[in-house]
Amino acid sequence: MSDDRSEDDPIMDLWYSNWEQQCVEALESEPDYESQLHNEKELYSQQMWTKFQTTASAIAQLYKDRTLGVSLWVPFQTAAGTVTSLYKDSVDCMRRCSDLGVEMGKQKRCKEIMNWARKKRRMIRREDLLAYLAGKPPPPRSHSHRSSPKPRMMVCGSPSSQSQTPSMVIAPAPTPGTDPDPELHTFREALSGSPVSRRGGRQAELSAFISNELARHHKRPASHDVDMGSPTHKRMRTTL
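Each residue of the sequence shown is one higher than the one before, counting from 1 in full-length UniProt numbering.
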């Protein structure tokens, strides 16, 4: 008998209300990502300022030692370690703030839709929801009966249009060298033995990080040079 109840049954209304209230409580019990993002930005700003001061001091010390005529290898190692640490921490902070920003946007949007849905009837029209998501006014409703849906037009292409045309030949990109930046080799050597990285136990971490960043930033995209001898280019040149 319980399966024969309609959606207008008061018992079903009570069940739906309780279930909806549980969903609302679940959304409202989520962590406040907006406050977390604000706190993280303040914390990261202070950390980056401290890192910048350390890096600036290391570079200034490198300049002072140059004027004294002493060996510059150890000051250079210290400067290399502080610069790399500053860059790595900046990337981590930016990634963390970006993730929190995405979560904050999702949470804000969900709460806006939740508040909008609670003000509507139980049955929400699809066009109303789409209009709300797009930020547009809902379409006018006609009181007349809906006409039968129009059949969709199936456009069949002719055999000539379906035939594959020769594609433009792309010239392969030249293979980059094994060491695209030889001038950074000395910097990487200094970083591997930096006193800063040794003290913090981050020597291997910083070395692996800068190696991955160099490999990532020096990946050359495929060249988009068009082969002038391709059939497509010849045909286009003939028509012109």
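Ideal Cβ positions, reconstructed from N, Cα and C, are used throughout, including at glycine. Note that this is a predicted model, so its numbers are computed, not measured.
**Request:** Look at the alpha carbon of A134 and the alpha carbon of E30, and state the distance between them as a whole number of angstroms.
**Result:** 25 Å
**Request:** Would you mind stating whether L62 and A79 have Cβ atoms separated by less than 7 Å?
**Result:** yes
**Item:** Complete runs of the beta strand (DSSP E) confined to the stretch 68-126 [at least 3 residues]
**Value:** none
**Asked** For the alpha helix (DSSP H) that contains L184, what are its first and last residues?
**Response** Where L184 is concerned, there is no enclosing alpha helix (DSSP H), given that its DSSP letter is neither H nor E.
**Prompt:** Mind checking whether L27 and T55 have CB atoms under 7 Å apart?
**Reply:** no
**Request:** Can you say whether F76 is buried or exposed, counting buried as having 16 or more other CB atoms within 10 angstroms of its CB?
**Result:** buried
**Item:** Closest by C-alpha distance to Y44, when choosing among K88, T186, Q21
**Value:** K88
**Prompt:** For L191 versus S207, is the C-beta spacing smaller than 7 Å?
**Reply:** yes
**Request:** Classify G105 as buried or exposed, calling it buried when 16 or more other Cβ atoms lie within 10 Å of its own Cβ.
**Result:** exposed
**Message:** Quick check on the burial criterion: 16 or more other C-beta atoms within 10 angstroms. Buried or exposed for K120?
**Reply:** exposed
**Item:** F187 versus L37, V70, K64, V74, residue with shortest Cα-Cα distance
**Value:** V74
**Prompt:** Rounded to whole angstroms, how far is the Cβ of E42 from the Cβ of L100, which I believe are closer than 8 Å?
**Reply:** Not a contact, Cβ separation roughly 13 Å.
**Asked** Among residues of its own chain, excluding the 5 on either side of Q107, which ones have a beta-carbon nearer than 7 Å to its beta-carbon?
**Response** E30, Y33
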